[in-house]
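Undergrad:
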Amino acid sequence: MNTSWFVVLSAFIFCIGAAGVLTRRSPLVILLCLELMLNAGNLALIAFSRMLGNQDGQVFALIVMVVAACEVVIGLGIIVAMYRRRLPIDVDAMSELRG
Amino acid sequence: MNPTTYGWLVLGFPLAGTLVVALGWRVLPGRLPGWIASGAIGLSFLAALGMLFELIDRPEDSRALVGTAFNYLDTGGMEADLSILVDPLSVFMCLVVSGVSFLIHLYSISYMTSDRGFARFFAYLNFFVFSMLLLVLAANFVLLIVGWAFVGAASYLLISFWYRRATATAAGIKAFVINVIGDVGLVIGAFLLFDATGALDYVSVFERAGEVFGSNDPQLVAACLMILVGAFAKSAQLPLHTWLPDAMEGPTPVSALIHAATMVTAGVYLIARCHPLFELAPAAADVGAIIGTATLLFAATVAMAATDLKRVIAYSTMSQIGYMVLGVSVAAYGAGLFHLMTHAFFKALLFMGAGSVIGAMSGVQSLDRMGGFRKAMPFTFVTFTVGALALAGFPLFSGFFSKDEILAYTLNRGGGYAVLGLVGYVAALITAFYAGRMVFRVFFGPAVVEARELEQGTLHHGEHANPATGEAEDTDVGFPGPEHHIAEREWPMKAAMAPLAVLAVVAGVLGIPGVTDTFEHFLEPTFEESRFATTAPGDGEEWLGLAAGGVFALVGLGAAYYYLLRNPELRLATRKRFARLHTFFVNKWYFDEIFDAGIVRPLRRSGQFGRTVVESTFVQGVIVGGTVGLVRAGTSFARSIQTGELRAYAALLLLGMSGLVLYFLIVAT
Amino acid sequence: MLFEQILFFVAGLGAIGGALGVVMLRNPFYSVLALVSHLIALALLFLLLRADFLAAAQVVVYAGAVMVLYVFVVAYVGGSDEPLRPEGGAVAVLGPIFALALFVEITIAVVGSSLGALDTTGERIASSFGSPDEIGKLLLTDFLVAFEAASFLLLVAAVGAVVLARKRRGLEDPEAAPGVMSAHEAISGPKEVAR
Chain A
557 MNTSWFVVLS AFIFCIGAAG VLTRRSPLVI LLCLELMLNA GNLALIAFSR
607 MLGNQDGQVF ALIVMVVAAC EVVIGLGIIV AMYRRRLPID VDAMSELRG
Chain B
1134 MNPTTYGWLV LGFPLAGTLV VALGWRVLPG RLPGWIASGA IGLSFLAALG
1184 MLFELIDRPE DSRALVGTAF NYLDTGGMEA DLSILVDPLS VFMCLVVSGV
1234 SFLIHLYSIS YMTSDRGFAR FFAYLNFFVF SMLLLVLAAN FVLLIVGWAF
1284 VGAASYLLIS FWYRRATATA AGIKAFVINV IGDVGLVIGA FLLFDATGAL
1334 DYVSVFERAG EVFGSNDPQL VAACLMILVG AFAKSAQLPL HTWLPDAMEG
1384 PTPVSALIHA ATMVTAGVYL IARCHPLFEL APAAADVGAI IGTATLLFAA
1434 TVAMAATDLK RVIAYSTMSQ IGYMVLGVSV AAYGAGLFHL MTHAFFKALL
1484 FMGAGSVIGA MSGVQSLDRM GGFRKAMPFT FVTFTVGALA LAGFPLFSGF
1534 FSKDEILAYT LNRGGGYAVL GLVGYVAALI TAFYAGRMVF RVFFGPAVVE
1584 ARELEQGTLH HGEHANPATG EAEDTDVGFP GPEHHIAERE WPMKAAMAPL
1634 AVLAVVAGVL GIPGVTDTFE HFLEPTFEES RFATTAPGDG EEWLGLAAGG
1684 VFALVGLGAA YYYLLRNPEL RLATRKRFAR LHTFFVNKWY FDEIFDAGIV
1734 RPLRRSGQFG RTVVESTFVQ GVIVGGTVGL VRAGTSFARS IQTGELRAYA
1784 ALLLLGMSGL VLYFLIVAT
Chain C
152 MLFEQILFFV AGLGAIGGAL GVVMLRNPFY SVLALVSHLI ALALLFLLLR
202 ADFLAAAQVV VYAGAVMVLY VFVVAYVGGS DEPLRPEGGA VAVLGPIFAL
252 ALFVEITIAV VGSSLGALDT TGERIASSFG SPDEIGKLLL TDFLVAFEAA
302 SFLLLVAAVG AVVLARKRRG LEDPEAAPGV MSAHEAISGP KEVAR
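Protein chains in written order, with the working numbering: chain A, 557 to 655; chain B, 1134 to 1802; chain C, 152 to 346.
#1: Exposed or buried, which one is Gly-1754/B when buried takes at least 16 other CB atoms within 10 Å?
#2: Taking only beta carbons into account, state which residues of the segment 178 to 199 of chain C come closer than 8 Å to chain A, listed in chain order.
#3: Distance, Cα to Cα, Gly-1467/B vs Met-1457/B?
#4: Which chain C residues are close to Val-1800/B, counting only those with a beta carbon under 8 Å from its beta carbon?
#5: Report yes or no: is there a C-beta of chain B within less than 8 Å of the C-beta of Leu-235/C?
#6: Do you know offhand how far Ala-1355/B's Cα is from Thr-1330/B's?
#7: Taking all protein chains shown into account, do 16 or more other C-beta atoms lie within 10 angstroms of the C-beta of Ala-1781/B, making it buried, or fewer, making it exposed?
#8: In chain order, what are the residue ranges of uninterrupted alpha helix (DSSP H) at least 4 long that sit wholly in the segment 254 to 314 of chain C?
#9: When you compare the CB of Glu-652/A with every CB in chain C, is at least one pair closer than 8 Å?
#10: From the DSSP output, in three-state form, read off Glu-1394/B for me.
#11: What's the C-alpha gap between Gly-1347/B and Phe-1235/B?
#12: Tell me where the beta strand (DSSP E) around Ser-1216/B begins and ends.
#13: For Met-1396/B, which of Arg-1708/B, Ile-1454/B, Pro-1613/B and Ser-1495/B has the nearest alpha-carbon?
#14: Between Pro-247/C and chain A, is there a C-beta pair that is closer than 8 Å?
#15: DSSP three-state call for Gly-1200/B: helix, strand or coil?
#16: What residue range is occupied by the uninterrupted alpha helix (DSSP H) comprising Leu-1373/B?
#17: Starting from Gly-633/A, find everything on chain C with Cβ-Cβ shorter than 7 Å and list it in chain order.
#18: Return the first residue and the last residue of the alpha helix (DSSP H) that Met-593/A is part of.
#19: Tell me the DSSP secondary structure of Tyr-1558/B in three-state form.
#20: Measure from the C-beta of Gly-1777/B to each C-beta in chain C and report whether the shortest distance is under 8 Å.
#21: Taking Arg-1765/B as the query, report the chain A residues whose CB atoms sit under 8 Å from its CB, ordered along the chain.
#22: Report the partner residues of Ser-1499/B according to the DSSP bridge assignment.
#23: Which residues of chain B have a Cβ atom closer than 9 Å to the Cβ of Val-647/A, listed in chain order?
#24: Return the chain-ordered list of same chain residues with a C-beta closer than 7 Å to the C-beta of Val-210/C, the five sequence neighbours on each side being excluded.
#25: If you draw a straight line from the C-alpha of Thr-1138/B to the C-alpha of Asp-1672/B, how long is it?
#26: CB-CB under 8 Å to Ile-1314/B, same chain, minus the five flanking residues each way: which ones, in chain order?
#27: Starting from Ile-642/A, trace the alpha helix (DSSP H) both ways and give me its first and last residue.
#28: With DSSP run on the structure shown, which of helix, strand or coil describes Thr-1659/B?
#29: Apart from the five residues just before and just after Thr-1659/B, which ones in its own chain have a Cβ nearer than 6 Å to its Cβ?
#30: Given Ala-624/A, which residues of its chain have a CB within under 6 Å of its CB, disregarding the five upstream and five downstream residues?
#31: Considering just the uninterrupted stretch of the alpha helix (DSSP H) at Asp-1725/B, what are its terminal residues?
#32: At which residues does the alpha helix (DSSP H) containing Met-218/C begin and terminate?
#33: On a Cα-Cα basis, can you pick out the residue from Ser-1264/B, Gly-1569/B, Tyr-1244/B and Pro-1136/B that is closest to Pro-1147/B?
#34: Using C-beta distances below 6 Å, list every residue in its chain close to Leu-1270/B, excluding the 5 sequence neighbours before and after it, in chain order.
#35: Please list the residues of the segment 159 to 176 of chain C that have a C-beta atom closer than 7 Å to any C-beta atom in chain B, keeping them in chain order.
#36: Looking only at its chain, what residues have a beta carbon closer than 8 Å to the beta carbon of Ala-1634/B, apart from the 5 residues adjacent to it on each side?
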C-alpha cells in the first residue's frame, strides 16, 4: 500500500471537513466537521508513522485524540450555554465580535 | 593699547548699555536708563577717540588692522571670523556714529521724559548704536550682514515705537520689508563674490578681486549691482525709498539718529568700503551715480512741496544721501564721506530743532499751522537756522565745503558725469530754496496761537492725536507721553544741540581745498589704491565749483525769502499756475501708488489665492484630506474583514492556508 | 496485498461516505451518525496501517464516548433542520470552492515528484509495531511530558464544561423535556423555517 494513497485520502477528508465548516450554519455540525478535519490529520500522521517505521506519529495521533475530545467538551458546553440563554443556535447570528 | 582693543570696547559699551537697560528697567528709577544709555555711548565715543589716536600714531602704511575674537564659521570652504577691521574709514564712521548718537541720547533724555516706554526706548537706541558700530567695524561680509540685519531690526523697533498707533506699525512694516529686499541683495552679492574669490573677509576679497575679475566682468558687475540693491534699500534711494518718509512716524530722536545721521549712511559706507570692486566694475558704479543723481533731484522737488515738517527734512535727507552716493560712485571718496559727516551734524541738528518746534505745537507737524516762532523760541531758531544754512550750502558753512566738493569732482570727471554734476547743481538750488522755505515758514510770518502763548510763557497743550490722521489717542504706553518738551526749557536738549550747531558751522575747516587737507589725508590709506586718485580736480577747479555752489545757495535762499516773505501772493499764484506739477510733487511722484498697484496688490492677491485655492482646496482638501481619506479607507477596509461571522473567518483561514501551500508548492518545484 | 487493497477501498469509501454525510445531511442527528460510521471506517484504516492500539482507542474513546456525548447534546439542544439553501451568501458558495482548491494543491504536492518517499510502502517493521505495549512504553518514557500535559488538559476541559453549563441564579431555564424537540421554536429566533 502506497503511503501516498492514505495521504491523499486524508487530504480529501480534510477538505470535505473544511467545506463543511464553511457551509453549515449550525455550530453543532460545524464542530462535527472540525472533528472530521482532526481525524483526517490523525490519518495522515499514522500513515507517515507507518512509512517511517517510527511510532512517534502514533503517540502524536493519540494526543490529538485527547485534544479533540477536550475541544468537543468545551464546544458543546458553549452550545449548551447558548441554548440555556435562548440565543439562536446559528453561527451567522452570533456576530457581536464585529469590528 | 592696540587699536583693535579699543575697537572691541567701542562695540562692547553699547551692548552692555542695552543689556543693562533692557534687563533692569524695572529697578532703574526715573530717567536713569537714559543716563546709563547715554553714558554707554559716551564711553564708546571715548574708545573711538582712543582708536583714532592709536591709529594716527602708526605709520601710514600700516593703518589697517584686523582684530579677531574667534573663529565664527568654518565649513565647506567658507571661513569667517568674528573680526573687526580698524582702518581710517571705520574709525571715521565710528566717531561720527558714536559722537552724534551720544548727543541724540542726551536730547532724548528730556524729549522722551513722560513717555511710558522710556527705558524701552533707550534699550532699543543702544541696540541700534551697537548694530551700526558692528556694521561699520566688521571685517568680513558675514559680520557686515549680521550688523546690517540688526540695524534693520532696530529701525523697525524704533519706527513702530508707539506701537498702538496704526500708522506707526504700518510704517515699521514697510521699512522692514524694503530693508529685507536690500538684505537679500546684499547676501546674494556677498555670495557671488565668495563664489569667485573664495573668501569672505574684505582684505582677501579685495586682493583677489583684482586677479580674478577683469574689467566689467559679468559676475563682478552682478555682485556690485546686488550690493547696490542693499545699499539703496538702506539709504533710501530710488526705487527703494518709499519707507523713509513713512519712517517719520517714529519719535523725533529716532528720525534724527537713524534716518539722518547713521543708518541711512550705511549704504554710502558700503559702497566706499567696496570701492576696489566698484572700480573694477565701472558699469555698476555708473548705475550708482545715476541713481544717486535721480534720487537727489526727485527728493529735492518733493521737499519743495511737502507740508509736514519732518517729511520735508526726510526728503532732504534722501536728497543729500543721493549726493553722497553720487560722490562715492564717481570715486570722490573723500568728498562723499566728508559730506556724510557734515550732513550728520546739520541734519541731526535740524531734526532736533524740529522736535523742539513740534513740542511747542504739542504734536502737530504740519507746516501750514506753524509760523512766527522766532521770538518765542530763540535758541531753537538760531540752531535751526544754522542747520538750514549748512544744508543749503551757504558759503563758509560746512555743507558748502562738502556738498560742492562732490559736485566739483563730478564735473571734473567729464563726459556723462558732467551732466550728473549739472543736475546736482540744479538740485542744490532747489535745496537752498526748500531750506529757506522751512526756516521762513516756521519762524517768520505772523505768529500762530502756540507761538503767542509761548511768548507769554505757557506751553500750549493741545489734544493728543495722531499727527497724520488726526485720530484721538491717549497717553498710556504705546503712545507718546502727555508732556511735550522744547529746547528752551530743557538743558539736555540745549546741551545736545549746541555742539552740533557749532560743528555745522566750523566742520568745514577739515576740508578746505588747498588749505587744510586733514580729512582727505586721513582717509588716504584706505583709498590710496584707488585708480581714480589722479582724477581729483586741482585746487583751482575745486574753488570754482565751490563758488558756483555758493552762488546757487544764495540765489535759492533769496528766492525763498522773496516768495515766502516778501510776496506771498506770488507764491499762491505760482502754485495755481503749476498746479499739476505741484500735485505731482505733493504726491511724491506717485511712487507709492505705483508700488501699491504693481507690487503690493498682486502679491496680496496671490497670497489670497494661495490661501483659498492652494491651501484650502489643494493642501487641506487633497493632500491632508486625501491622506486622511486614504487612511480611513484602508482602515475601514481592514475593519470590514472583522464581520463577526464565524464562517467568514474560517473562509479566510482556509484561504490563507491554501495560499501557503501554494507557495511551498511553487518554491519546491 | 490484494486483500489489503480491497480493504483499503472499502474503508476509504466508508470514510468518504461518512464525511459527505456529515457535511450534507440536514438533520444534525444524522450528521452525528454519519460521523460515527466515518470513525469506524477510519479505525479500519488505522488497522491497515498497523496502528492496533490506536484503532481500538478510536473506536472505544472517539466513537464510543465522544460521539455519545454529542448525541446527548444534540438531543438536548434540539438542532433544527437547516433551510435547504444555506443563507450566508458568498461564503457558503465559495467555501466548497476553496476547499476544492486546497485539495487540488495538496494532491499535487503529494503526487508530485518532490515527496518521493511517499511512493513507497514504508519501512520494514517489527510485528509489535503499533501494539499497546510499544505505545505504552513510548508514552511513559519519551513522551511523558505530553502524556501528563494531556491529562492536565482533560482536567481543565472537565472543569470548563462544568463552569459553562451550570445554572446561573436569576435566569430562567426553559429546559425542554428530553426527547421533545419542539421547544426550539421559542428559542431559535425569527430565522426559523418550518421543516
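Idealized CB from N, CA, C, for every residue including glycine.
TA: Considering the structure as presented:
#1: Stepping through the second sequence from its first residue, residue 1754/B is reached at position 621. By the 10 Å Cβ count, Gly-1754/B comes out exposed.
#2: From the segment 178 to 199 of chain C, only Pro-179, Ser-182, Val-183, Leu-186, His-189, Leu-190, Leu-193, Leu-196, Phe-197 and Leu-199 have a Cβ closer than 8 Å to chain A.
#3: Sequence index remark: in the second sequence, residue 1467/B carries index 334 (1-based). Sequence index remark: in the second sequence, residue 1457/B carries index 324 (1-based). Cα to Cα, the separation comes out at about 10 Å.
#4: Within the second sequence, the letter at position 667 stands for residue 1800/B. None at all; the shortest Cβ gap to chain C is about 10 Å.
#5: Residue 235/C sits at position 84 when you count from the first residue of the third sequence. Because Leu-235/C sits at a pLDDT of 49, beneath the cut-off of 50, its placement in the model cannot be relied upon, and the following sentence gives the value as read from the coordinates. Residue contact with chain B for Leu-235/C: absent (no Cβ-Cβ distance below 8 Å to any residue of chain B).
#6: Translated into the one-based positions of the second sequence, residue 1355/B becomes position 222. Translated into the one-based positions of the second sequence, residue 1330/B becomes position 197. For Ala-1355/B and Thr-1330/B, the distance between alpha carbons rounds to 14 Å.
#7: Reading the second sequence from its first residue, position 648 is the one you call residue 1781/B. Buried, by the Cβ-count rule.
#8: Taking 4 residues as the minimum length, the alpha helix (DSSP H) runs contained wholly in the segment 254 to 314 of chain C are 283 to 291, in order along the chain.
#9: Counted from its first residue, the first sequence places residue 652/A at position 96. Cβ-Cβ to chain C under 8 Å: no for Glu-652/A.
#10: Position 261 of the second sequence, counted from the first residue, corresponds to residue 1394/B. It is worth fixing the name first, because residue 1394/B is Ala in this sequence and not Glu. Residue state, collapsed to three classes: helix.
#11: Here the question's residue 1347/B lines up with position 214 in the second sequence. Here the question's residue 1235/B lines up with position 102 in the second sequence. So the alpha carbons of these two residues sit roughly 44 Å apart.
#12: Taking the second sequence and counting its residues from 1, one reaches residue 1216/B at position 83. Counting along the chain, the unbroken beta strand (DSSP E) around Ser-1216/B starts and ends at 1211 to 1219.
#13: By one-based count along the second sequence, residue 1396/B stands at place 263. Nearest to Met-1396/B by C-alpha distance, out of Arg-1708/B, Ile-1454/B, Pro-1613/B and Ser-1495/B, is Ile-1454/B.
#14: On the third sequence, position 96 is the one that residue 247/C refers to. It does; some Cβ of chain A falls within 8 Å.
#15: On the second sequence, residue 1200/B is found 67 positions in, with the first residue counted as 1. Three-state DSSP puts Gly-1200/B in a strand.
#16: Taking the first residue of the second sequence as position 1, residue 1373/B is located at position 240. Counting along the chain, no alpha helix (DSSP H) covers Leu-1373/B, and no H or E run does either.
#17: Taking the first residue of the first sequence as position 1, residue 633/A is located at position 77. The contact set of Gly-633/A on chain C, defined by CB atoms closer than 7 Å, consists of Gly-311, Ala-312, Leu-315 and Ala-316 in chain order.
#18: In the first sequence, the residue the question calls residue 593/A occupies position 37. Counting along the chain, the alpha helix (DSSP H) containing Met-593/A begins and ends at 583 to 608.
#19: Translated into positions along the second sequence, residue 1558/B becomes position 425. For Tyr-1558/B, the three-state secondary structure derived from DSSP is helix.
#20: To locate residue 1777/B, count along the second sequence from 1; it is residue 644. By this cut-off, Gly-1777/B is not an interface position.
#21: Sequence index remark: in the second sequence, residue 1765/B carries index 632 (1-based). None at all; the shortest Cβ gap to chain A is about 15 Å.
#22: Against the second sequence, residue 1499/B aligns to sequence position 366. Beta-bridge partners of Ser-1499/B (DSSP): Asp-1441/B.
#23: Translated into the one-based positions of the first sequence, residue 647/A becomes position 91. Chain B residues near Val-647/A: Glu-1778, Leu-1779 and Arg-1780.
#24: Locating residue 210/C in the third sequence gives position 59, counting from the first residue. Within the same chain, Val-210/C has close Cβ partners Ile-191 and Ala-194.
#25: As a position in the second sequence, residue 1138/B is number 5, starting the count at 1. As a position in the second sequence, residue 1672/B is number 539, starting the count at 1. Taking the straight line from one Cα to the other gives about 39 Å.
#26: In the second sequence, residue 1314/B corresponds to position 181, counting from 1. Closer than 8 Å at Cβ, skipping near neighbours: Val-1362, Ala-1366 and Leu-1373.
#27: Along the first sequence, one-based indexing puts residue 642/A at 86. The residue asked about is misnamed: residue 642/A is Arg in this sequence, not Ile. The continuous stretches of alpha helix (DSSP H) do not include Arg-642/A, and DSSP gives it neither H nor E.
#28: Locating residue 1659/B in the second sequence gives position 526, where the first residue counts as 1. If DSSP states are grouped into helix, strand and coil, Thr-1659/B belongs with the helices.
#29: By 1-based counting over the second sequence, the position of residue 1659/B is 526. Within the same chain, Cβ atoms closer than 6 Å to the Cβ of Thr-1659/B are found at Asp-1220, Pro-1221 and Leu-1222, the five residues on either side in sequence being excluded.
#30: In the first sequence, counting from the first residue as 1, residue 624/A sits at position 68. Closer than 6 Å at Cβ, skipping near neighbours: Leu-594.
#31: As a working note, residue 1725/B is residue 592 in the second sequence. Counting along the chain, the alpha helix (DSSP H) containing Asp-1725/B begins and ends at 1724 to 1728.
#32: As a working note, residue 218/C is residue 67 in the third sequence. Element bounds for Met-218/C: 218 to 228.
#33: Within the second sequence, numbered from 1, the residue matching residue 1147/B stands at position 14. Per the C-alpha coordinates, the member of Ser-1264/B, Gly-1569/B, Tyr-1244/B and Pro-1136/B positioned closest to Pro-1147/B is Ser-1264/B.
#34: In the second sequence, the residue the question calls residue 1270/B occupies position 137. For Leu-1270/B, same chain residues with a beta-carbon under 6 Å away, outside a window of 5 residues either side, are Gly-1140, Ile-1217 and Ser-1223 in chain order.
#35: Residues passing the 7 Å Cβ filter: none.
#36: Numbered from its first residue, the second sequence carries residue 1634/B at position 501. Taking Ala-1634/B as the centre and dropping the five residues before and after it, the same chain places the C-beta of Leu-1482, Val-1515, Thr-1516, Val-1519 and Gly-1520 closer than 8 Å to its C-beta, in chain order.
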